[in-house]
Amino acid sequence: MSAGVTTQLELRGVTKRFGGVAAVDGVTFEVGKGEIVGIIGPNGAGKTTLLNCISGLHRLDGGDIRWQGASIAGMAPHRIAKLGIGRTFQIVRPFGSMTVRENAAVGALFGSAAGRRGPKEAFEMADQVLDLVGLKAKADHPVSALTIPDRKRLEVARAVATRPHLLLLDEVMAGLNNVEIDEALEMVRAVHATGVTVLLIEHVMRVIIGVCRRAVVLDFGQVLAQGEPEVVLRDERVIQAYLGERYAKRLKS
Amino acid sequence: MADFVQLVILGLLAGGVYVAVGVGFGLVWGVLNIVNLAHGALVIIGSYITWQLFTTLHLDPFLTLPVDAVALFVLGYALQRGVINRIIRAPLLFTFLLTFGLNLVAINVLLFIFGSDFRSVTPAYSGQGLEFGSVVIPYVPLISLGVAILLSAALAFILNRTRIGLAINAIAADRDAAQLVGIDLRHAYAVTFGLGAACAGVAGGLIAMSQAITPTAGEPYTLQAFVVVILGGLGRVSATVVGGLAFGLVEVFAQSIPGSGSVFANAIAFGLMVLVLVTRPQGLLGRLR
Amino acid sequence: MFLILGAILAAYALLAPLTSLDAAQSANVPLLADRLWFRIATIIAMFIVMATAWNIIGGITGYAAFGNVAFFGIGAYTTGMLIAKAKWPFLVALPFAPLVSAGFAALVGLPLLRLRGHYFAVASLGVGVAVGELVQNIDYGGQPLFGGASGLFLPIYAIDNRGLFFFYLMVAAATIAIAVTWWVLRSRFGYGLIAIRENEEAAAVLGVNTTVYKVAAFALSAALTGLAGGIFSQWNVFINQDNTFPIDYNVQMILMALLGGTGTVFGPAVGAVLLQLLIQFLGGSLPISFDIPFVSADARPILAQVILGLLLVGVVIFVPRGVIDFFGGRSRLSLSYLRRSLRETSL
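Residue numbers (the working numbering), protein chains in the order written: chain L, 1 to 253; chain Y, 254 to 542; chain B, 543 to 889.
This is the structure in structure tokens:
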């Protein structure tokens with residue numbers, strides 16, 4: 001982590017088991033305020049499980065998670081949301097019977113700065129957020145009418161509407177074509193520019209290289225490497241984890 | 254001490270009926286994800302078939318059980334194929350309501366045909382039993398328990414060793430994948446429900462011998478089947494067998510407490526269920542889903 | 543068009559009973575001046591309350607409770623006991639019905655609402671059945687605590703035009719229930735509930751305190767249902783397990799909400815009116831009488847139940863989104879709508 005950046009999120013030895021298998025095993029790293037950090041790793045490495053642990057959907061089996069110095073391990077998901085940690089889901093989960101605006105408004109109604117806010121103000125906030133992600137024109141559309149890229153935008157908008165300090169993005173780029181990825185990248189940059197720290201899981205490498213200052217590599221639930229994306233991606237162990245030993249040897253030679 | 258042993262024996266014997274009631278219910282729930290509120294009605298239809306055969310043809314009631322099984326299999330297959338399949342992909346509230354509606358229709362049709370008089374099936378040997386000193390093991394419940402175990406074993410055999418059984422297992426594991434390998438879902442679903450109904454029919458036959466029957470007598474068994482499956486654990490026939498026996502034991506011991514009596518049957522069942530769901534939701538033998 | 547028709551009918555139903563007052567007798571307005579219709583109209587209003595109340599936990603929040611009749615019975619017995627045993631006046635005892643029901647719901651809801659889907663539905667059914675059983679059979683010092691099998695008798699409420707009074711009281715309760723639903727659907731609370739229904743985990747990570755919200759919806763639903771029960775106890779003067787905890791009511795409430803349209807403000811009310819009229823008609827209690835071939839008078843209640851069951855099956859299969867959706871925007875019954883519903887849900 002660069003100097004002069006305050007630590008916002010701290011994971012220490014985070015462990016989560018399912019049955020006998022440790023999906024997340026002793027993961028330790030930090031995220032600083034204002035950073036964009038990427039989490040990468042082959043499928044099944046425990047990335048989504050890690051996000052679930054941070055957002056409170058899973059109980060930790062070991063270790064601790066600290067947010068701005070205080071432990072949040074074991075807190076209920078809604079309390080973690082109110083502390084300012086927002087997240088999106090890999091397979092989007094829109095509220096099907098509501099319009100786009102209403103979906104975003106739910107975030108504004110219950111998020112970290114909700115206070116006594118009522119539906120009317122929430123709608124105004126929702127409109128602002130929809131503008132940020134590029135969905136303003138479709139605010140009154142039912143969710144069922146949205147394309148996949150738009151649904152992803154909505155997922156992000158809803159999370160941003162909670163006014164998070166830290167946003168956890170779970171494979172926002174999955175299923176998008178190149179043009180859509182560029183647009184989504186712009187969206188992520190725009191969100192980050194409003195002062196939100198971003199921690200994102202991604203498989204699309206040009207996103208990681210393009211927008212992340214740091215990357216953490218997970219494999220079998222453990223941290224394999226961390227550092228600048230270019231450096232990390234050239235690490236032999238990382239290549240091996242993704243492509244297997246034989247391919248890694250081939251690349252070397 | 255003899256009293257205690259007697260209670261345990263009575264409990265296990267009572268459990269026989271609950272096992273029979275539970276395995277069919279659990280199968281339909283586990284594979285089709287349908288909580289069949291008409292299960293009690295299917296049971297009582299079986300009771301009436303047994304009664305009718307006993308009364309008009311003077312067949313030994315235990316010999317009527319295969320007829321119950323076949324008749325109810327056919328009924329169940331038709332119901333699933335014709336009616337229930339139409340809402341199988343709808344939210345579960347709808348299957349609840351649908352099966353409740355079928356329950357209502359079935360009970361009232363029975364009322365129309367047979368009236369509300371209580372009937373009973375009493376074979377010649379019904380009051381008698383094996384005696385070991387002061388402990389009595391009555392014949393009818395003993396044979397019923399045997400039948401119930403046999404039924405469960407047969408069901409397990411069908412599920413694990415026959416082609417259709419393997420198809421049903423495949424569907425329970427992954428419906429879409431099962432379709433991709435060519436399993437005819439409609440037929441397999443209907444067979445599953447038919448098997449569940451067949452078990453209910455056999456249970457009904459057993460019940461006809463242990464209590465007086467009237468069209469609404471099957472109602473409590475639906476809730477009890479639910480408790481038995483939760484108690485034992487959803488997913489395996491053997492788990493339901495354990496659940497049924499355990500439930501029988503609980504019921505007999507609860508009724509022997511002076512003052513409480515059988516009026517609290519439903520309250521006991523419900524209380525037990527909440528206890529299990531809160532402390533050990535996967536049941537005695539089940540695996541956490 | 544239907545809206546106007548409905549409004550006219552509702553206005554007539556609400557105002558016509560006033561003609562039973564002696565002063566207006568000479569006007570001789572048909573139908574609703576008849577005491578029989580009062581009774582039926584009051585029952586309809588009662589079901590409007592119950593269906594609308596169920597809609598809050600079942601339709602809006604998505605937790606299909608199958609035992610809400612328990613709260614009706616609890617409300618009825620709370621008021622009943624306060625009047626019969628503690629000798630409280632009716633209007634003082636009545637507010638305690640929703641209070642006690644809500645309290646019970648909050649207590650029972652905490653463990654119950656942790657269950658999902660099937661488990662919650664059957665567990666709540668179990669509550670409904672068990673509470674009824676307990677109330678009827680609990681003894682205290684050798685005597686049945688709540689009147690036992692022989693039930694509880696309340697003193698007749700001394701007021702002129704009793705039928706009219708209870709009718710309007712029940713209508714007031716129905717109005718409260720509908721108003722509450724309307725408010726909920728526009729409030730932050732309502733958005734939270736709908737979010738829980740659509741995707742509970744997503745709601746949680748957005749900051750919705752799902753436990754508190756679910757329990758609150760459950761308690762609110764219970765309070766309204768209990769209110770109906772409280773009014774019923776004094777109106778009917780006699781209560782026992784059969785008329786305050788009938789398992790039938792659970793399904794009727796749900797069917798009414800479903801028929802009219804779950805999750806809407808007026809849906810359950812529309813469903814309640816339609817279904818209850820049908821039930822009364824089949825049961826032969828309406829002054830319009832007719833003979834059904836092959837079916838004796840004794841068999842009529844049985845036939846009524848059969849038709850109810852078939853109706854249930856039919857509605858679930860063909861009109862799952864309710865009458866309001868069915869008629870919304872269309873002026874003709876459409877076969878393609880039915881076919882489309884079928885295709886969405888069948889194998």
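Even glycine gets a Cβ: it sits at the ideal position worked out from N, Cα and C.
Given the structure is predicted, the values throughout are model-derived calculations rather than measurements.
Contact annotation: Ile417 of chain Y and Ala441 of chain Y have beta-carbon atoms nearer than 9 Å. Burial state of Phe787 of chain B is buried, judged by a 10 Å Cβ sphere holding 16 or more other Cβ atoms. Here the stretch 852-865 of chain B does not lie against the stretch 359-376 of chain Y, with fewer than 3 beta-carbon pairs under 8 Å apart. Against chain Y, the CB of Ala606 of chain B has a partner CB under 9 Å away; the residue lies at that interface. Put simply, the stretch 382-399 of chain Y does not touch the stretch 644-664 of chain B. Fewer than three CB pairs are less than 8 Å apart.
Beta-bridge partners assigned by DSSP to Leu199 of chain L: L:Val37 and L:Leu168. A straight line joining the alpha-carbon of Pro77 of chain L with that of Val129 of chain L spans about 22 Å. Closer than 7 Å at the C-beta level to chain B, one finds these residues of the stretch 70-85 of chain L: Pro77, His78, Ala81 and Lys82. For Leu800 of chain B, no Cβ of chain L is located within less than 9 Å of the residue's own Cβ. In this structure, Thr88 of chain L lies away from Val143 of chain L, with their beta-carbon atoms at least 9 Å apart.
Judged by DSSP secondary structure, Thr317 of chain Y falls within the alpha helix (DSSP H) whose first and last residues are Pro314 to Gly335. Per the C-alpha coordinates, the member of B:Leu884, B:Ala639 and B:Thr603 positioned closest to Gly659 of chain B is B:Thr603.
Contacts between Val323 of chain Y and chain B, judged by CB atoms closer than 7 Å, are missing: the closest CB pair is about 25 Å apart. If you ignore the 5 residues before and after Asn289 of chain Y, its C-beta comes within less than 6 Å of the C-beta of Val281 and Thr352, all in its own chain and listed in chain order. Bounds of any beta strand (DSSP E) do not take in Pro843 of chain B; it lies within the alpha helix (DSSP H) bounded by Arg842 to Phe860. In the structure shown, Ser888 of chain B falls within a coil segment according to DSSP collapsed to helix, strand and coil. Contact note: Gln822 of chain B does not reach chain Y at a C-beta cutoff of 7 Å; the least C-beta distance is about 17 Å. Between Asn679 of chain B and Asn792 of chain B the beta-carbon gap is near 20 Å, outside 8 Å, which marks them as no contact. For Thr348 of chain Y, no beta strand (DSSP E) segment is defined; the enclosing uninterrupted segment is the alpha helix (DSSP H) at Leu345 to Phe367.
Arg158 and Thr162: these are the residues of the stretch 142-173 of chain L whose beta carbon lies less than 7 Å from some beta carbon of chain B, given in chain order. When the beta-carbon positions are compared, Val191 of chain L and Val160 of chain L come within less than 9 Å of each other. By the beta-carbon neighbour count (other beta carbons within 10 angstroms, threshold 16), Trp725 of chain B is exposed. Interface annotation, Gly615 of chain B: not in contact with chain Y, CB-CB separation never under 9 Å. Ser379 of chain Y carries a coil assignment under DSSP once its states are collapsed to helix, strand and coil. Classified as exposed, Val754 of chain B has fewer than 16 neighbouring CB atoms from the shown chains inside 10 Å of its CB.
The bridge partners DSSP lists for Lys152 of chain L come to none.
Note on geometry: alpha-carbon atoms of Leu850 of chain B and Val722 of chain B lie some 29 Å from one another. In the DSSP assignment, Ala225 of chain L is bridged to L:Val217. Between Gly457 of chain Y and Ala322 of chain Y a beta carbon distance of about 10 Å is seen, past the 8 Å cut, so the two are scored as non-contacting. Assignment of Leu657 of chain B by DSSP, reduced to helix, strand and coil, places it in the coil class. Under DSSP, no beta-bridge partner is assigned to Trp630 of chain B.
Assignment of beta-bridge partners to Asp64 of chain L by DSSP yields L:Arg12. In the three-state reduction of the DSSP assignment, Ile341 of chain Y falls in the coil class, being assigned neither a helical nor a strand state. For a Cβ distance threshold of 9 Å, residue set Leu57, Pro77, Phe89 and Arg93 of chain L lies close to Glu743 of chain B, ordered along the chain. Taking a contact as a CB-CB distance under 8 Å, the pair Ile298 of chain Y and Ile337 of chain Y does not count as one, their CB atoms being some 16 Å apart. Bridge partners of Glu30 of chain L according to DSSP: L:Glu10.
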